[in-house]
Structures are given as C-alpha cells and as structure tokens.
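Okay, structure first, notes after.
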Amino acid sequence: MKVTVVGAGAVGASCAEYIAIKNFASEVVLLDIKEGFAEGKAMDLMQTASLNGFDTKITGVTDDYSKTANSDVCVITSGIPRKPGMTREELIGINAGIVKTVSSNLIENSPNTIIIVVSNPMDTMTYLVHKTTGLPKNRIIGMGGALDSARFKYRLAEALEAPISDVDGMVIGGHSDTGMVPLINKATRNSVNVSEFLSEERMQQVVEDTKVGGATLTKLLGTSAWYAPGAAVSGMVQAIACDTKKIFPCSALLEGEYGLNDLAIGVPCVLGANGIEKIVNISLNDAEKAKLSESAEGVKKTNGLLEL
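Position 166 (the sequence shown) corresponds to 166 in UniProt numbering; numbering is contiguous.
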C-alpha cells in the first residue's frame, strides 16, 4: 500500500505520521512545493520509527509527482490554512487553483488512485475534483464529516463526563460552521440515547460547540488544527487499505441520495478497498432533514463561486 500526502504542513505531516504509526502502509510519500520542506519533515518522522515501532517508509519530495506514481490513496491537504476570523469559504479562490493542479498531477501518475480531499472549503474542493478529473465518484472522498464527528464525540464525552470510548455520534452536512448537522438525537452512550443523561439545553450546547469546533481552535491556535484532521484522514486511509467496510461520515457526490443532487456533502459512507463502497441512507426526522437541506443550499452557493 502506497499513500501520497500532498502538502507537508502541519495537517499533511500529521496525516503522514498517523498513517505510518498504524503500520498498514508500506510507503508514504510526502510532497510539498517548498524546497526541502517535505524532505525535512520525512526525515524527522523517519527518525521516530525505531521509537514508535513502525516500518512504513516515509519519503519527502519537492514538487516531483513522478515519485508519487502508483499510489493507492492520495491525500490533498495543500492550500492556504484558515486564519482567525476567516471562513472556510473565503479560501475558495486560492485553494481551487491549487487543488485542481494537484489532483491533475496525481491522477497523471496514479490513474487508479483514490483521492481524499482535506483542503478547505472541503465540500466544494471535493466537488471540484469530481467535476475536473473524471474519476468514478466512489474514488473521490472529502474528509470533513470524519473530523466533525470526532469533535462531536469529544464534546459529548465532555458533557457526559464519560470515557470517549463509551460515546457514539455522527455529524452530517457541510463542513462549515453553519452547515454541520450534528445528529444529537441519535447520539448514544454505550447504546443508551444521550437524552437519558443530558438536558435539552446541554444537548443543544454540545451541538453549538461542535459546529464552531474548527473556528474555536483557529482562534486559539492562530491557524487551522492539525492533530485531529490528521487522525481523521489516517482512519479513512486505513479503512480503504485494510478493506474494513467501516462507516465514516464523509463528503460524497450525491445523485438522489437524501433527495440531493449534484453536490458533495457529508453523509455516512462505507469505506473499503474501492473507496466509497456504499452511501448509507439513514432515517432523519423533519428537523434533521430541514437542516441538511439548508446545509446543502449553503454548499451549492459556495460551489457557484467555482470557475469550472
């Protein structure tokens, strides 16, 4: 299993690190346009191999896509990160050009690859890759929902004062502060609905804290988060590499599912060797349907800013 990660910044390096530590890939190629940057990150990470007990080879390259040839999975993290006060949508002009160029170069060298998009605005960048590459829809996946759901579970465990292994929950919809739809009514603690433990007011606070999870970290850190995004990507790559058929909420191109068409947005998907093996249609109540529809309109509005 060969994995390429484009962008050796904090997010890309975290992706490479977590993938390597899990020891399911033979090689991770880390690519960046900054001279020597990916090579330095790769060397630093390889010097942890004996300490962290992994045998995955991490190779750093400067803008040489030939070194990414025959990658099974390619992860696109490149683009400018969010700054405090900046919305994900404000990144579209610059990042669209970057993602379009990167995806074209990756597919030229790895025509059978599966692409995972991390760059923001993530749903729109995922849609862009669908519209410009011609890859089958199962082989283009946006990361957002996996990260948002991890943040949701963190907030749930915090509210419940419970170990996070006891908690389950999912976020669907757009990967934006206003587009996320945390499914609070389906969230559980060890199979018991969280409404048995939390007041309605506390449940809604969890929802709101989840929706601004990225913005909260950007304000604290001065830039986008990287540990949790890297972990989310590594979990998705592992599901593909090991053909686990695990369900992740992730951005997928919809063609009638959930009553939506011609957009990529977060929904539960079964991930396996073929990428998105199945889009899972779960029952939503009227409020959840309305929120998902509203989120979809927001994503479509951002998609309209693309120059396809």
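Every residue, glycine too, gets a C-beta built ideally from N, C-alpha and C.
Keep in mind that this is a model prediction, so the values were computed, not measured.
Residue pairing from DSSP leaves T126 without any beta-bridge partner. With respect to the 7 Å criterion, D177 and K211 are classified as neighbours on the basis of their beta carbons.
One thing to note: G169 has its Cβ no nearer than 7 Å to the Cβ of C250.
Close CB contacts of L156 within its chain, under the 7 Å cut and outside five residues either way in sequence, are with V167, G169, A187, V194, V206 (chain order).
The Cβ atoms of V233 and C15 sit closer than 7 Å to each other. Below 8 Å, enough C-beta pairs join the segment 8 to 27 and the segment 219 to 233 to call them touching: three or more. Looking only at C242, P182, G222, the smallest Cα-Cα distance to K289 is reached by P182. The closest CA to that of M122, considering only K34, E208, I80, is found on I80. Using a C-beta cut-off of 8 Å, the segment 283 to 300 makes no contact with the segment 157 to 165, since fewer than three inter-stretch Cβ pairs fall below that distance.
Straight-line measurement puts the Cα of D72 at about 17 Å from the Cα of G134.
Counting along the chain, I33 sits inside no beta strand (DSSP E), nor does DSSP assign it H or E at all. I76 is not a Cβ neighbour of V61, given a cutoff of 7 Å. In the displayed model, S110 falls within coil according to three-state DSSP, outside both helix and strand. Within the DSSP bridge table, the entry for G272 names G275 as partners.
At a Cβ-Cβ threshold of 7 Å, C269 and F24 do not count as neighbours.
The shortest C-alpha to C-alpha distance from G179 to any of I279, A296, F197 is the one to A296.
Within the DSSP secondary-structure output, P249 pairs in a beta bridge with P268. The alpha-carbon separation between K219 and G85 amounts to approximately 8 Å. Beta-bridge annotation (DSSP): M180 is paired with G173.
Boundaries of the beta strand (DSSP E) around C74: 73 to 76. Around the beta carbon of I94, fewer than 16 other beta carbons sit within 10 angstroms, so the residue counts as exposed. In this chain, the beta strand (DSSP E) harbouring V61 covers 57 to 62.
Looking from the CA of V29, the closest CA among A42, I21, N285, A287 belongs to A42. In the three-state reduction of the DSSP assignment, V299 falls in the helix class, which pools H, G and I. Bounds of any alpha helix (DSSP H) do not take in G134, whose DSSP letter is neither H nor E. Distances from the CA of S119 to each of G222, L308, S293, V5 were compared; the closest alpha carbon is that of V5.
L160 sits in a helix when the DSSP states are folded into three classes. Judged by DSSP secondary structure, G230 falls within the alpha helix (DSSP H) whose first and last residues are 227 to 241.
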